[in-house]
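Asker:
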Amino acid sequence: DAGITQSPRHKVTETGTPVTLRCHQTENHRYMYWYRQDPGHGLRLIHYSYGVKDTDKGEVSDGYSVSRSKTEDFLLTLESATSSQTSVYFCAARGGGAGNEQFFGPGTRLTVL
Amino acid sequence: AQSVTQPDIHITVSEGASLELRCNYSYGATPYLFWYVQSPGQGLQLLLKYFSGDTLVQGIKGFEAEFKRSQSSFNLRKPSVHWSDAAEYFCAVGAWGTGNQFYFGTGTSLTVIP
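Chains as they are written, first to last, in my numbering: chain A, 1 to 113; chain B, 1001 to 1114.
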């Protein structure tokens, strides 16, 4: 699993509340990603990072922001959570070089009431 | 645009039977292709990948996949399925650019009947 942890693993929150999910990796991978997984949609990319303080939007970035101040940490923030953001969130990391796979964390199940 | 299609949402096979999961991709250059498996409540684990060279690649847990450029396919196979293979399977194509993003299919859920 390339030493990727996510916290919290489960969270229940209310609509309008800010939420921050944390991804931590121990392998010094350059690239990090946040996905959401929903039935029938597979994995959809929210944001990604290609280095410290270098981030960009993915397919479903509206309502989400990210930050990466250290190589090992990638934070995903929901500024004002909505029920449509109820999902399972996965963090992934990979090293540079063509052909390298992404390593995934265990996921965070977020419920927005 | 890059995309991955997994035509089968759900497949049921008997234990000991052979398995083939389909994956078709759309990508403008030489693709880097991956198969991942996800057990319930778990993250994704890499089964195998195609980077270059031999178009038949071997992976973990007895899985293999064949890259067919002419058909834009990367189907996953296993000659004899075990009950523990029941899981969700995802095909992905790697796109090389600023973020070296992956594009995932919507997944195929495998049920194994004893």
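C-beta atoms are modelled at their ideal positions from N, C-alpha and C, and glycine is treated no differently.
1) Residues of chain B with a CB under 7 Å from the CB of Q102/A: which are they?
2) Are the CB atoms of T86/A and T108/A within a distance shorter than 7 Å?
3) Which residues of the stretch 1016 to 1041 of chain B have a Cβ closer than 7 Å to any Cβ of chain A? Give them in chain order.
4) Let me know the secondary structure DSSP gives R1069/B once reduced to three states.
5) Could you give the distance in angstroms between the alpha-carbon of V1093/B and the alpha-carbon of N1075/B?
6) Name the DSSP beta bridge partners of W1083/B, please?
7) I need the straight-line Cα distance from G1105/B to G97/A, nearest angstrom please.
8) Quick check on I4/A: does DSSP put it in helix, strand or coil?
9) Would you kindly check if the distance between the Cβ of F1051/B and the Cβ of Y1032/B is under 7 Å?
10) If the cut-off is 7 Å on Cβ atoms, which residues from the stretch 1059 to 1072 of chain B count as contacting chain A, listed in chain order?
11) Can the beta-carbon of V1037/B be found less than 7 Å from the beta-carbon of Y1089/B?
12) Which residues mark the beginning and the end of the beta strand (DSSP E) in which Q85/A is found?
13) Of the choices T71/A, L45/A, G95/A, V66/A, whose alpha-carbon is the least far from that of L21/A?
14) Distance check for D1054/B and G40/A, CA to CA, integer angstroms please.
15) Determine the extent of the beta strand (DSSP E) in which R109/A is found, giving its start and end residues.
16) Could you spell out the range, first to last residue, of the beta strand (DSSP E) harbouring Q1045/B?
17) Is it buried or exposed, I4/A, if we count other Cβ atoms within 10 angstroms and call 16 or more buried?
18) For the pair the stretch 18 to 37 of chain A and the stretch 1070 to 1085 of chain B, tell me if three or more CB-CB distances fall below 8 Å.
19) I believe S49/A touches M32/A by the beta-carbon criterion, under 8 Å. Please report the beta-carbon distance rounded to the nearest angstrom.
20) With burial defined as no fewer than 16 other Cβ atoms inside 10 Å of the residue's Cβ, what is the status of N28/A: buried or exposed?
21) Report the residue from E72/A, L113/A, K57/A whose alpha carbon sits nearest the alpha carbon of G105/A.
Answerer: So, to answer that:
1) Those within 7 Å of Q102/A in chain B are F1102.
2) Using a Cβ distance threshold of 7 Å, T108/A and T86/A do not count as a contacting pair.
3) Residues of the stretch 1016 to 1041 of chain B whose Cβ lies closer than 7 Å to any Cβ of chain A, in chain order: Y1032, F1034.
4) In the displayed model, R1069/B falls within a helix according to three-state DSSP.
5) Cα to Cα, the separation comes out at about 13 Å.
6) W1083/B pairs with nothing; no bridge assigned.
7) Between G1105/B and G97/A, the C-alpha separation is close to 23 Å.
8) Note: I4/A maps to strand in three-state DSSP.
9) The Cβ atoms of Y1032/B and F1051/B sit closer than 7 Å to each other.
10) Within the stretch 1059 to 1072 of chain B, no residue qualifies.
11) The criterion of a C-beta distance shorter than 7 Å is satisfied by V1037/B and Y1089/B.
12) Counting along the chain, Q85/A falls outside any beta strand (DSSP E), and DSSP gives it neither H nor E.
13) Ranked by Cα distance from L21/A, the options T71/A, L45/A, G95/A, V66/A are led by V66/A.
14) If you take the alpha carbons of G40/A and D1054/B, they lie about 33 Å apart.
15) Here the beta strand (DSSP E) through R109/A covers 108 to 112.
16) Counting along the chain, the beta strand (DSSP E) containing Q1045/B begins and ends at 1044 to 1050.
17) Under this definition I4/A is a buried residue.
18) No, the stretch 18 to 37 of chain A does not touch the stretch 1070 to 1085 of chain B.
19) That belief holds up - the Cβ atoms of S49/A and M32/A are roughly 5 Å apart, short of 8 Å.
20) That one is exposed.
21) Nearest C-alpha to G105/A: E72/A.
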